[in-house]
Amino acid sequence: MMKDKKRFIYRVMKKKEWDDFKKKKRFYGNAFDLESGFIHLSTKSQIKDTINRYFQDQENIVILQICETKIKENIRWEISTNNQLFPHLYGFLELFDVKKVSNVY
C-alpha cells in the first residue's frame, strides 16, 4: 500500500501575527480573515501573487507551511477574485499544524 504524499498549503502573514500565534497557540485570522469569515491560505504557486497583492510594501513577512491533511476537513477550495481556486480555512489554525516557517525579508 502506498503512503499518501503530504501536500502543503501556506499562510502568508506579518511577523507580529506569527509572534502572537506562537504565544496563543491558535490563530483565528487577522481583521481581513475575520471580515471574510475564513482564513485565507495559498498554494505554493500562489504565494508570490499573494505577497504582491496584500503585502507588497510591508516588511517582516513570514510564510507558514501547513500540512493540508491536518486541516483538510475545514478547508474549502473556492474561486477568488482572480478566478483561481484558493484554499480557505473555515476554523482556526493550531500551532502544531505549522510544519515550517520561512522569512520573506
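If you're matching positions, the sequence shown starts at 8 in the working numbering and goes up one per residue. Positions of the beta carbon are idealized from the N, C-alpha and C atoms, including for glycine. These numbers come from a predicted model, not from an experiment.
Contact test: Lys31 Cβ vs the ligand PLP heavy atom, cutoff 6 Å: Of the ligands one can find in the structure shown there are none, so the ligand PLP has no counterpart to examine.
Any contact of the region 66 to 78 with the region 22 to 39, i.e. 3+ C-beta pairs under 8 Å? yes
Near Trp84, which residues of its chain fall below 8 Å by C-beta distance, leaving aside the five closest residues on each side in sequence? By 1-based counting over the sequence shown, the position of residue 84 is 77. If we look at Trp84 and ignore the five residues flanking it on each side, its Cβ neighbours are Leu92, Phe93, Pro94 and His95.
Whole angstroms are fine: how far does the CA of Arg60 sit from the CA of Glu75? Counted from its first residue, the sequence shown places residue 75 at position 68. Counted from its first residue, the sequence shown places residue 60 at position 53. Looking at the two C-alpha atoms, the distance is approximately 23 Å.
Kindly indicate which residue of Lys29, Arg33 and Val111 has the alpha-carbon position closest to the one of Asp64. Along the sequence shown, one-based indexing puts residue 64 at 57. Minimum Cα distance to Asp64 is reached at Val111.
Whose CA, out of Lys107, Phe103 and Ser109, lies closest to the CA of Lys32? Position 25 of the sequence shown, counted from the start, is the residue given in the question as residue 32. When each option's Cα is compared against that of Lys32, the closest is Phe103.
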